[in-house]
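Trainee:
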Amino acid sequence: MSIALARDKFRQYLTQKGLRVTNQRLAIFDAAFNRTEHFTAEQLLDYARAIDDSVSRATVYRTLPIMTESALLREVDIGTGEKFYLPISGNSTQVAQVVCVDCDKIFEISAPFMEWYGSTVSSKLGLTPESQRLQVSAHCDVFRNTGSCPRRS
Numbered sequence: 000m001s002i003a004l005a006r007d008k009f010r011q012y013l014t015q016k017g018l019r020v021t022n023q024r025l026a027i028f029d030a031a032f033n034r035t036e037h038f039t040a041e042q043l044l045d046y047a048r049a050i051d052d053s054v055s056r057a058t059v060y061r062t063l064p065i066m067t068e069s070a071l072l073r074e075v076d077i078g079t080g081e082k083f084y085l086p087i088s089g090n091s092t093q094v095a096q097v098v099c100v101d102c103d104k105i106f107e108i109s110a111p112f113m114e115w116y117g118s119t120v121s122s123k124l125g126l127t128p129e130s131q132r133l134q135v136s137a138h139c140d141v142f143r144n145t146g147s148c149p150r151r152s
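Read in numbering that gives the first Met the number 0, the sequence shown has 129 at position 130, and its numbers run on one by one without any break.
Here it is as structure tokens:
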């Protein structure tokens, strides 16, 4: 999905929910969709304030659930107590996440088998899958060999 289509979807979703389309919410949207790597709410606050310095922390924290409910952002929990977000690009939401435990970098790879697997195991129990995720924690081979991770920011 293009950024323009995603922006229209966001505007429509806000209107449908009876929420105002404000400059701050649009700055948050723009800040999120200018990212190619996972980000936290606090990082998004910094990115959004670079676009519009009136964006408040509260508005970011209220807008993130709206963006995830509208299927514009994917929320990722890697077990550190802090959630990460990434814009959903393309039509497939079937991804596996690989988390480097040395640098906390999150990689997403296409995992089309997940739909089949979820349906297969659920149907054996007479259930219909609602959501699923695959997350792998891994160590960086370069870090293990050199003591330094090239992806660490």
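Glycine residues also receive a C-beta, built at the ideal position from the N, C-alpha and C atoms.
For V59, which three-state DSSP category applies?
Mentor: Three-state DSSP puts V59 in a helix.
Trainee: Rank A40, D51, A95 and K16 by C-alpha distance to the C-alpha of Y60 and give the top, closest one.
Mentor: For Y60, the nearest C-alpha among the options comes from A40.
Trainee: Using the rule of at least 16 other Cβ atoms within 10 Å of the residue's Cβ for burial, across every protein chain shown, is L85 buried or exposed?
Mentor: Buried, because 16 or more other Cβ atoms sit within 10 Å of the Cβ of L85.
Trainee: Considering V120, what are the terminal residues of the alpha helix (DSSP H) in which it resides?
Mentor: It spans F112 to S122 - the alpha helix (DSSP H) in which V120 sits, taken as one unbroken run.
Trainee: Whole angstroms is fine: what's the gap from D45's alpha carbon to F112's?
Mentor: Their backbone Cα atoms lie some 37 Å apart in a straight line.
Trainee: Roughly how many angstroms lie between the CA atoms of N22 and L63, to the nearest whole one?
Mentor: When rounded, the distance between both Cα atoms is 15 Å.
Trainee: Would F106 and V100 qualify as a contact pair, given that the criterion is a beta-carbon distance under 9 Å?
Mentor: Not closer than 9 Å, so no.
Trainee: Report yes if the C-beta distance between T31 and L43 is below 9 Å; otherwise report no.
Mentor: Going by the sequence as given, residue 31 is Ala instead of Thr. Cβ atoms of A31 and L43: closer than 9 Å.
Trainee: Nearest to F28 by alpha carbon, out of P128, A70 and H138?
Mentor: Residue A70 is the option with its Cα nearest to F28.
Trainee: Just to check my reading of the structure: F38 and F83 have Cβ atoms closer than 8 Å, yes? What is that Cβ distance to the nearest angstrom?
Mentor: Right, their Cβ atoms sit about 7 Å apart.
Trainee: Hey, which unbroken runs of the alpha helix (DSSP H) at 4 residues or more fall wholly within the region 39–105?
Mentor: Counting whole runs of 4 or more residues, the region 39–105 contains the alpha helix (DSSP H) stretches 40–50 and 56–68.
Trainee: The alpha helix (DSSP H) spanning L25 covers which residue range?
Mentor: It spans N22 to F32 - the alpha helix (DSSP H) in which L25 sits, taken as one unbroken run.
Trainee: Since A95 and V135 should fall inside the 8 Å C-beta cutoff, what is the C-beta to C-beta distance between them, to a whole number of angstroms?
Mentor: At roughly 7 Å, the Cβ-Cβ gap stays under 8 Å, so A95 and V135 are in contact.
Trainee: Since I108 sits in a beta bridge, which residues does DSSP pair it with?
Mentor: Looking at the DSSP assignment, I108 forms a beta bridge with A95.
Trainee: Whose C-beta lies closer than 6 Å to the C-beta of D76 among residues of the same chain, with five residues either side of it excluded?
Mentor: Closer than 6 Å at Cβ, skipping near neighbours: K82.
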